[in-house]
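Trainee: Per full-length UniProt numbering, the sequence shown starts with residue 1, numbered consecutively.
We put the beta carbon where it would ideally sit given N, CA and C, even for glycine.
Values in this document were obtained by computation on a predicted structure and should not be read as measured data.
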Amino acid sequence: MVKRVRSDSGYLYWRWSPRDCKLPEFNPKKFLKFMRNKSLAFIGDSVSRNHVQFLLCILSKNYLRWSYNTGSILGSGLEQGKINIWG
1 MVKRVRSDSG
11 YLYWRWSPRD
21 CKLPEFNPKK
31 FLKFMRNKSL
41 AFIGDSVSRN
51 HVQFLLCILS
61 KNYLRWSYNT
71 GSILGSGLEQ
81 GKINIWG
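1. On a CA-only basis, which of D45, F26, M35 and S39 is nearest C57? Give me that one, please.
2. Going by DSSP in three states, S9 sits in which element: helix, strand or coil?
3. Round the Cβ separation of L59 and L32 to the nearest angstrom and send it over; I've been treating them as touching at under 8 angstroms.
4. Rank F42, P28 and I43 by C-alpha distance to the C-alpha of residue 111 and give the top, closest one.
5. Work out the CA separation of G44 and Q53 for me, nearest whole Å.
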């Protein structure tokens, strides 16, 4: 077990929220419609990989039949569902 250095744990529950800005809830269908026949690139290191994984996770919320295996897709150029991933 990892011992915490801080005695308080309230910071664990902080959530980012913009000031004076109402952001609409993310709509996967609207996003996919907007991105149809377009390319999206995440350039960088493991942080970019995390962004890709998060995007696929929130996109798959409405598509329960779609599967995603982090071990075999990223870095191999395979096609899964309707999303192509090249690493």
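Mentor: On the basis of the coordinates in this document:
1. F26
2. coil
3. 7 angstroms between Cβ atoms; contact.
4. Here the chain has residues from 1 to 87 only, and residue 111 is not among them.
5. 14 angstroms
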